[in-house]
Amino acid sequence: MINPLLDVDSIYSSSLNDSSKMFCREINCSQGYFYYQSIDLNISKDGYYTIRCYSNIDTYGYIYNKTFNYYLPSENILSFNDDYGGNSQFLFNMFLNSLTKYILVVTTYSSNVKGSYSIIVSGPEYVTFIVQ
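See below:
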């Protein structure tokens, strides 16, 4: 059970821009190319965490287990989300294990969209963000 009175917030801010990596969501790239950033989430304590994005662009998020391969974006995927956070923002509520490597991929709903964003992770302990 998530107890927001005991949760701590970890914050990461960045942007998708001309120097960001790009990938296709589908093998044939029928939807176009999407800017993305992949971020390791270092979890030091098991528990329920909320991962929420804040941005003025329509964001889309993925959570991966162990590795993210931009050539095969459906491999190792644990979850994906578009608008659960409201205002065209992604949100995840999930149990995270400290012994598991998690990768958050931040991208957009539409192709070729750039803009800034912030990620706030709330949970029982601080989370460290490592950009890949």
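The numbers in this note's numbering rise by one with no breaks, and the one at position 99 of the sequence shown is 102. Quick reminder that beta carbons are idealized off the backbone N, C-alpha and C, glycines included. It should be emphasised that the depicted structure is a prediction, and the values quoted were computed from it without experimental measurement.
Secondary structure of residue i, DSSP reduced to three states
{"i": "residue 87", "result": "coil"}
{"i": "residue 67", "result": "strand"}
{"i": "residue 56", "result": "strand"}
{"i": "residue 115", "result": "coil"}
{"i": "residue 45", "result": "strand"}
{"i": "residue 103", "result": "coil"}
Beta bridge counterpart(s) of residue i as assigned by DSSP
{"i": "residue 24", "result": "39"}
Buried versus exposed, by CB contacts within 10 Å (16 or more), residue i
{"i": "residue 58", "result": "buried"}
{"i": "residue 30", "result": "exposed"}
Beta-carbon proximity check, residue i vs residue j, cutoff 8 angstroms
{"i": "residue 148", "j": "residue 12", "result": "The chain is shown only over 4 to 135; residue 148 falls outside these bounds and no answer can be derived."}
{"i": "residue 119", "j": "residue 18", "result": "yes"}
- Message: Across the region 55-72 and the region 108-118, are there enough close Cβ pairs to call them in contact, namely three or more that are closer than 8 angstroms?
- Response: yes
- Message: Between the region 86-97 and the region 26-39, can you find at least three pairs of beta-carbon atoms closer than 8 angstroms?
- Response: no
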